[in-house]
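So the number in my numbering is just where the residue sits in the sequence shown, counting from 1, plus 341. Beta carbons are placed, not taken as given, at the ideal position from N, Cα and C, and that holds for glycine. Since this is a predicted model, take the numbers as computed values, not measurements.
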Amino acid sequence: MTAEQSLPATAGGARRVRHALVDRLFHWFSAGAVVVLLATALLPILGIEFAWVAIHWVTGLILAVLVILHVVRAVFWQNLRSMWISFGDIRDGLAALRSALRMSPGAGRLAGKYSLAQKAIHHAFTVVVLTAIGTGLMMLVKIDTPWWERDPYWVSDDVWAIVYVLHDLTSLCLVTMIIMHVYFAFRPEKLHLLRSMILGWITDGEYDRYYDRSDWHARADRRSADAPTYKHE
Ligand code: HEM
Ligand code: HEM
342 MTAEQSLPAT AGGARRVRHA LVDRLFHWFS AGAVVVLLAT ALLPILGIEF
392 AWVAIHWVTG LILAVLVILH VVRAVFWQNL RSMWISFGDI RDGLAALRSA
442 LRMSPGAGRL AGKYSLAQKA IHHAFTVVVL TAIGTGLMML VKIDTPWWER
492 DPYWVSDDVW AIVYVLHDLT SLCLVTMIIM HVYFAFRPEK LHLLRSMILG
542 WITDGEYDRY YDRSDWHARA DRRSADAPTY KHE
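If you want it as C-alpha cells, here you go:
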C-alpha cells in the first residue's frame with residue numbers, strides 16, 4: 342500500500358468533480374446577466390437615471406443565448422435525471438422536514454446530486470427566467486433595434502398589458518428568489534457548494550457525508566494529487 346492509499350477518504354486531499362468549468366461559467370455569467378437586467382430595470386425607478394434600455398435588451402439577448410446553450414448541454418451532455426423531481430424526492434423531502442421539526446427521529450436518506458429544495462429553486466428560476474425572456478423578446482418589437490424599426494401595434498393593447506404585467510412580475514420574483522438563493526449559498530453548512538460553484542470540486546469526505554453514491558456518481562478530480570481510485574470505483 343502506498344502512502345497516498347493509506348489516507349482516509351475524509352483527509353481532504355482527494356476531490357470529486359461537482360461542476361465542470363463550462364457549467365460554472367454558465368452559472369456566473371447568467372447570474373451576472375440577471376443582476377445587470379435587474380439593476381438596469383430597477384435603478385431608474387429608484388430615481389437613478391441613465392441610458393438603461395440598450396444595456397437591458399442586449400443583456401437580455403445574451404441571457405437568452407446562455408440559457409439555450411445550457412439546455413442543449415443539459416440534454417446532450419449532462420444528466421437530466423439529476424434535476425428531475427421524483428416521488429422518492431418528495432417522500433425524502435417530507436421525511437427531512439419531519440426530522441427538522443423533531444416530529445420523527447433520524448435525518449432520512451442522503452440526497453443525489455441536488456436536494457429537493459435545489460431542484461425546486463432550479464425549476465422556479467426556469468419558469469421565471471423563461472417568462473422574462475419570452476415577454477422581453479416580445480417587447481423588443483416595441484423599440485428600434487439594428488434589425489427593425491419599432492412597431493407598437495404588433496399585438497392589441499390587452500395583450501401588451503399582460504406581457505408588461507408578466508415581465509414586471511418576473512423582476513419582483515427574481516429579487517426575492519435571488520435573496521433566498523444567496524442566503525442559502527452562504528450558510529455555513531452549504532459553503533462546500535459555494536466552493537464547488539467557484540472551484541468545481543468537493544472533497545471525498547463531503548461526498549461521503551452528504552450524498553448517496555448510488556444516486557450521484559461523481560468522478561474523481563484528476564487534478565487533485567491524491568484522488569483515490571482504490572476505494573469507490
Ligand atoms: C428548460 C430549461 C432547463 C433545463 C432542461 C435545465 C436542465 C438542467 C439540468 C439537467 C441540470 C443538472 C446538470 C447536472 O448537474 O448534471 C441543470 C443545472 C443547472 N441549471 Fe438548468 N435547466 C434549464 C433552465 C435553467 C435556467 C433558466 C437557469 C438559470 C438562468 C438554469 C440554471 C442552472 C444552473 C446554475 C445549474 C447548476 C450548474 C450545472 O451543474 O449545470 N437552468 N439544469
Ligand atoms: C452572487 C450570487 C450567487 C451566488 C453566491 C450563487 C451561488 C450558488 C451556489 C453555491 C449554487 C449551488 C451549486 C451546487 O449545488 O453545487 C448555485 C446553484 C444555482 N444557482 Fe446560483 N448563485 C448566485 C446567483 C444566481 C442567480 C442570479 C441565478 C439565476 C438567476 C442563479 C441560479 C442558480 C441555479 C438555477 C442553481 C442550481 C440549483 C441549485 O443548486 O440551487 N444563481 N448558486
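Is any non-hydrogen atom of ligand 2 found closer than 6 Å to the C-beta of residue i, if you look at the structure I gave you?
i, result
"Arg432", "no"
"Ser512", "no"
"Ile341", "The question about residue 341 has no answer here: the residues shown for the chain are numbered 342 through 574."
"Gln459", "yes"
"Arg463", "Looking at the sequence provided, one finds His at residue 463 rather than Arg. The answer is yes for His463."
"Met479", "no"
"Arg359", "yes"
"Val375", "yes"
"Ala380", "no"
"Ala526", "yes"
Which residue from the options puts its Cα closest to that of residue i?
i, options, result
"Ser497", "Lys483, Ala458 and Val363", "Lys483"
"Ala382", "Trp425, Leu457, Tyr505 and Ile520", "Tyr505"
"Trp495", "Ile503, Met479, Trp488 and His508", "Met479"
"Ala372", "Val523, Ile543 and Glu530", "Val523"
Which residues bound the alpha helix (DSSP H) around residue i?
i, result
"Val504", "Asp498 to Ala526"
"Thr467", "Leu457 to Leu481"
"Ile539", "Leu532 to Leu540"
"Arg432", "Phe428 to Ala441"
"Gly546", "Asp545 to Tyr551"
May I ask which residues mark the beginning and end of the beta strand (DSSP E) holding residue i?
i, result
"Arg356", "Arg356 to Val358"
Answer yes or no: the CB of residue i versus the heavy atoms of ligand 1, is any distance below 6 Å?
i, result
"His558", "no"
"Phe466", "yes"
"His533", "no"
"Ser456", "no"
"Asp485", "no"
"Val469", "no"
"Ala415", "yes"
"Leu421", "yes"
* **Given 8 Å, three or more beta-carbon pairs between the stretch 506-514 and the stretch 432-443** => no
* Is the number of C-beta pairs between the stretch 351-370 and the stretch 556-566 that are closer than 8 Å three or more? -> yes
* **Cβ contact check for the stretch 445-455 and the stretch 375-390: 3 or more pairs under 8 Å** => no
* Asked: Should the stretch 544-560 be called in touch with the stretch 365-381, which here means at least 3 C-beta pairs below 8 Å?
  -> no
* Just list the beta strand (DSSP E) runs in the stretch 381-421, keeping only unbroken ones of 3 residues or longer that don't cross its boundaries, in chain order. => Annotation: the stretch 381-421 contains no complete segment of the beta strand (DSSP E) (minimum length 3 residues).
* Is the stretch 464-475 touching the stretch 398-405, taking contact as three or more C-beta pairs under 8 Å? -> A contact between stretches requires three or more CB pairs, one per stretch, nearer than 8 Å, and the stretch 464-475 meets this requirement with the stretch 398-405.
* Per the contact definition of three or more C-beta pairs closer than 8 Å, is the stretch 453-465 in contact with the stretch 406-424? -> yes
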